[in-house]
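In order, the protein sequence lines correspond to chains A and B.
Each residue of the first sequence is one higher than the one before, counting from 507 in our numbering.
Each residue of the second sequence is one higher than the one before, counting from 507 in our numbering.
Cβ coordinates follow ideal geometry from the N, Cα and C atoms, glycine included.
Quick caveat: nothing in here was measured; it's all calculated off a predicted structure.
There are 2 protein chains.
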Amino acid sequence: MSKQAVVDALCCPPLSERRVPAETAAALAPALKALGDPVRLQLMSMIASAEGGEICVCDLTPAFDLTGPTISHHLRTLREAGLVDADRRGTWVYYRARPTVLHQLAALLTVVPTGTDATPAARSECS
Amino acid sequence: MSKQAVVDALCCPPLSERRVPAETAAALAPALKALGDPVRLQLMSMIASAEGGEICVCDLTPAFDLTGPTISHHLRTLREAGLVDADRRGTWVYYRARPTVLHQLAALLTVVPTGTDATPAARSECS
DNA sequence: TGTCTGATTCGACAGACGTCGAGACAGTGT
DNA sequence: ACACTGTCTCGACGTCTGTCGAATCAGACA
């Protein structure tokens, strides 16, 4: 995952503070795109809000009116966007959120009060 | 724009605090999808960070290696997602950011420290 | 080993998306 | 009225996406 490495290396000036450079846009857009589907947004939320920090695919699949392969496809998309991580434990596969990219997106979308001045309060911590 | 009304009416429990309901996901996903393209992410940033709060299409178009119609198409997508507003003033058309949806997205993507507890500091103001 | 269950991959299909060129529309200025 | 400039709409194109059923892979357990 070389793209993942790029995402990890970038950091988070709010979108409304200065123009986001092409490379940052290219690196972060795939994560936004991955969350830009209602099913994946719910999946992401279920994973991120899961008790114990992880959730089994077997709990994810029945929550939607979709087939197993389709859910699997959406989970793969989230995985490739660097938003979640999976690991198999015995028969079941568990998914866990990766907060790093989520942090970056939240910081990017933070709106500073007025157009041009830099407000430090708007900056969330970033690796 | 009935979808826009829905977006405006919704509000912002962080994605990682509790599972986002299907209706919220359906309402917010289009905005994330709209930002999930590198060109549109840069356009959004240029608009949101513009001096005076607005920017002319004639300043947007030459910043990309794309034709006018293509930029126009992307701007329409942002407009339909409720992220920007346009108005024509004489020959030129100016675009302005709508912070409401951006606020909601930032709040949604905010990651609360540990899986289950609600942290009030993570909540940004929301109309 | 064989079989069963859970999850992923593969192949296919309809629909959506990003891009372009050509044409239409809106305002300005002659 | 006419021409010019800036922006948008339309139609077309190849590509990507979401979905499914069928097949495959990974472990568990007889």
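{"Query": "Indicate whether at least one CB of chain A lies closer than 8 Å to the CB of G574(B).", "Result": "no"}
{"Query": "Assuming I577(B) contacts L566(B) under a Cβ cut-off of 8 Å, what Cβ separation, rounded to an integer in Å, is found between them?", "Result": "6 Å"}
{"Query": "I'd like the span of the beta strand (DSSP E) that includes D593(B), first residue to last.", "Result": "590-595"}
{"Query": "For D591(A), which of F570(A), I553(A), A612(A) has the nearest alpha-carbon?", "Result": "I553(A)"}
{"Query": "List the residues of chain A whose Cβ lies closer than 7 Å to the Cβ of E523(B), in chain order.", "Result": "S555"}
{"Query": "Listed from N- to C-terminal order along the chain, which residues in the region 584-618 of chain B have their beta-carbon within a distance smaller than 7 Å of any beta-carbon of chain A?", "Result": "A603, P605, L608, H609, L611, A612, L615, T616, V617"}
{"Query": "Run the CB neighbour count on R582(B), radius 10 Å, all protein chains shown included, and call it buried at 16 or more, exposed below.", "Result": "exposed"}
{"Query": "Using 10 angstroms around the beta-carbon of T616(A), count the other beta-carbons present and answer buried if the total reaches 16, otherwise exposed.", "Result": "buried"}
{"Query": "Per DSSP, which residues does C562(B) bridge with? Please list them.", "Result": "Y600(B)"}
{"Query": "Can you tell me which of L541(A), P520(A), G559(A), P544(A) puts its alpha carbon nearest to the alpha carbon of E523(B)?", "Result": "G559(A)"}
{"Query": "Is the CB-CB distance between L614(A) and L541(A) below 8 Å?", "Result": "no"}
{"Query": "Interface residues of chain B around P568(A) at Cβ under 9 Å?", "Result": "Going along chain B, no residue has its Cβ under 9 Å from P568(A), so there is no contact; the nearest lies around 14 Å."}
{"Query": "Within this structure, are the beta carbons of V607(A) and L572(A) separated by less than 8 Å?", "Result": "no"}
{"Query": "Applying a beta-carbon distance threshold of less than 9 Å, which residues of chain A neighbour D565(B)?", "Result": "In chain order: nothing, as chain A lies at least about 11 Å away."}
{"Query": "Can you grab the Cα-Cα spacing for the pair S555(B) / A569(B), in whole Å?", "Result": "15 Å"}
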